[in-house]
Amino acid sequence: MARVVVDVMLKPEILDPQGQAVQRALPRLGFDGISDVRQGKRFELEVEGPVDDAALARIREMAETFLANTVIEDFAVKVES
């Protein structure tokens with residue numbers, strides 16, 4: 002089985018209140034020098050069979066229609082070894 006990872010992030014122009022809350026908390030916790038934080042989602046999919054172009058196309062379709070809200074989020078699909 003192969004693992005395919007789908008990373009979903011808010012588009013850069015979309016406000017990220019969770020990321021901002023984390024960024025503001027870091028200095029209070031002793032973690033200085035971080036100027037920005039963006040929070041996202043990571044999906045790890047275990048794929049049966051080969052991860053060929055057809056499988057990747059199906060996973061991209063899944064990401065576009067179910068895993069990500071493409072109005073406000075971008076996604077990236079990658080195969081892990």
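Heads up: the sequence shown begins at 2 in my numbering, then just goes up one per residue.
Using N, Cα and C, we set each Cβ at its ideal position, and we do this for glycine too.
This structure is a prediction, so every number in the text was calculated from the model and none was measured.
- Per DSSP, reduced to three states, the secondary structure at residue 4 is strand.
- In the displayed model, residue 25 falls within a helix according to three-state DSSP.
- Residue ranges of uninterrupted beta strand (DSSP E) with 3 or more members, entirely inside the segment 33-71 and ordered along the chain, are 41-48.
- Under the three-pair Cβ rule at 8 Å, the segment 20-39 does not count as touching the segment 68-81.
- Looking at the DSSP output, residue 79 shares a beta bridge with 6.
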